[in-house]
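Visitor: Residue numbers (full-length UniProt numbering): 1 to 257. Just so you know, even glycine gets a beta-carbon here, dropped at the ideal spot from N, CA and C.
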């Protein structure tokens with residue numbers, strides 16, 4: 001098969017990468033009493049602790065800040081976990097790759113689905129926060145913007161997985177970078193709080209645009225047009241680069257790991 005046929009074949013085997021993702025979740029929480037709800041508790045405690053502190057420090061109403069923070073952390077956990085987990089996508093699947101001709105694209109997509117499942121559990125926290133603080137989400141824009149986010153996470157996972165398999169130290173660097181972006185992305189602080197050259201933290205930060213297109217609807221607002229445009233452009237460019245990289249390097253992955 002050609003490189004493109006291999007990629008297309010992997011995309012069509014969505015049941016397989018979904019099955020692998022479910023097995024990952026089961027394995028991770030085997031023997032645990034509350035399973036993935038540990039992450040739900042972690043998210044809830046983080047929102048409570050930071051929400052009370054930062055709303056006071058920034059003199060912001062808790063009614064607006066708590067839903068803003070909850071939505072930001074909810075999606076940041078999805079984005080960050082997907083990117084960091086992608087660094088180990090191919091080494092984790094080493095035995096499968098060595099013993100079969102499974103298309104490598106399956107394993108970065110497995111990472112996206114796995115974190116999407118955890119995201120589904122974490123969504124419960126935002127629902128509770130929204131009810132407590134009287135926030136009314138607008139789900140209609142999410143029908144477009146949430147799939148757009150997932151499309152971007154997919155190509156990003158593919159590139160991260162390939163680069164991390166080739167350069168093993170890159171995984172640690174990416175993990176550190178995601179910790180850096182946690183603080184320079186408007187998760188704990190509102191975008192309107194920055195001006196002048198500091199607005200670059202929002203304008204030129206792709207993660208800020210990723211957050212905007214999905215957080216705004218949960219806040220009952222329309223996503224910024226520039227963020228939708230940026231994310232759409234990144235999706236097209238990112239997938240073009242990811243497909244090119246896979247065509248050139250997917251047969252080498254088994255030797256890298």
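1. Helix, strand or coil for residue 190? Go by DSSP, reduced to three states.
2. What are the boundary residues of the alpha helix (DSSP H) that residue 165 is part of?
3. By how many angstroms is the C-alpha of residue 160 removed from the C-alpha of residue 218?
4. Going by CA-CA distance only, name the one from 124, 173 and 222 that's closest to residue 132.
5. Taking only runs of the alpha helix (DSSP H) that begin and end inside the segment 81-116, which ones reach a length of at least 4 residues, in chain order?
6. From residue 223 to residue 215, what does the alpha carbon distance come to, in whole angstroms?
7. For the alpha helix (DSSP H) that residue 248 lies in, which residues bound it at each end?
8. Where do the ends of the alpha helix (DSSP H) carrying residue 252 lie?
9. Could you give the distance in angstroms between the alpha-carbon of residue 74 and the alpha-carbon of residue 119?
10. Determine the extent of the alpha helix (DSSP H) in which residue 212 is found, giving its start and end residues.
11. Going straight from the alpha carbon of residue 204 to that of residue 188, what length do you get?
12. So for residue 185, helix, strand or coil by DSSP?
13. Would you mind reading off the limits of the alpha helix (DSSP H) that contains residue 55?
Guide: Concretely, from the data shown:
1. By 1-based counting over the chain shown, the position of residue 190 is 190. Reduced to three states, the DSSP call for residue 190 is coil.
2. Start at 1 with the first residue of the chain shown, and residue 165 comes out as number 165. Boundaries of the alpha helix (DSSP H) harbouring residue 165: 142-166, taken from the DSSP string.
3. As a first step, residue 218 is located in the chain shown; it is residue number 218 there, counting from the start. As a first step, residue 160 is located in the chain shown; it is residue number 160 there, counting from the start. Computed Cα separation, rounded: 29 Å.
4. Reading the chain shown from its first residue, position 132 is the one you call residue 132. For residue 132, the nearest C-alpha among the options comes from 124.
5. 89-92 and 94-99
6. Mapped onto the chain shown, residue 223 falls at position 223. Mapped onto the chain shown, residue 215 falls at position 215. Taking the straight line from one Cα to the other gives about 8 Å.
7. Start at 1 with the first residue of the chain shown, and residue 248 comes out as number 248. Boundaries of the alpha helix (DSSP H) harbouring residue 248: 225-249, taken from the DSSP string.
8. Along the chain shown, read from residue 1 onward, the residue named residue 252 stands at position 252. Looking at the DSSP string, residue 252 is not in any alpha helix (DSSP H), and its letter there is neither H nor E.
9. Within the chain shown, numbered from 1, the residue matching residue 74 stands at position 74. Within the chain shown, numbered from 1, the residue matching residue 119 stands at position 119. Answer to the nearest angstrom: the Cα atoms are 7 Å apart.
10. The residue given as residue 212 occupies position 212 in the chain shown. Note, residue 212: alpha helix (DSSP H), 206-218.
11. Locating residue 204 in the chain shown gives position 204, where the first residue counts as 1. Locating residue 188 in the chain shown gives position 188, where the first residue counts as 1. Spanning the two alpha carbons is a distance of roughly 18 Å.
12. Translated into the one-based positions of the chain shown, residue 185 becomes position 185. If DSSP states are grouped into helix, strand and coil, residue 185 belongs with coil.
13. Position 55 of the chain shown, counted from the first residue, corresponds to residue 55. Residue 55 -> alpha helix (DSSP H) spans 37-57.
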